[in-house]
Amino acid sequence: VQLQASGGGLAQAGRSLRLSCAASGDTFTINRMGWYRQAPGKQREFVAGVAEDGSTSYRESLKGRFTISRDKAKNTVYLEMNSLKPEDTAVYYCKAEAAWYVDYWGKGTQVTVSS
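So for the sequence shown, my numbering puts the first residue at 827; every next one is plus one.
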């Protein structure tokens with residue numbers, strides 16, 4: 827499985843960005859996809875996830891601002907980020923959890939929010 831993330835960039839506080847993560851390869855093995863982020867000097871943290879059945883989960887502090895969705899036909903997961911804050915600045919990584927407990931990571935896309 828290969829993951830290609832896109833959609834990052836520079837945004838002003840209060841604006842929105844949408845990230846995309848396209849999966850290719852043995853996508854039939856993927857059970858769950860999600861987004862993580864890592865800010866400078868901090869550990870990578872969970873942002874949001876979507877399961878095969880469409881159920882979603884979010885980092886508690888991001889509920890209401892971030893929305894994850896999945897287009898199974900396109901093997902793509904999206905992260906809609908609204909009301910962005912400077913503390914959302916991070917590298918955002920896409921993750922796919924596949925069969926046999928194998929995890930795949932994308933290369934990450936930089937999101938920078940200016941105040």
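Just so you know, even glycine gets a beta-carbon here, dropped at the ideal spot from N, CA and C.
Asked                                                                                        : Found
Meets three-Cβ-pair contact criterion under 8 Å: the segment 906-920 and the segment 857-865 : yes
Rounded separation between Asp879 and Arg841 - CA only                                       : 30 Å
Residue interval of the beta strand (DSSP E) (run including Trp861)                          : 856-864
Rounded C-alpha distance that separates Gly833 from Val937                                   : 9 Å
Residue span of the beta strand (DSSP E) that contains Leu845, given as start and end        : 843-850
Cβ-Cβ distance between Val873 and Arg858 below 8 Å                                           : no
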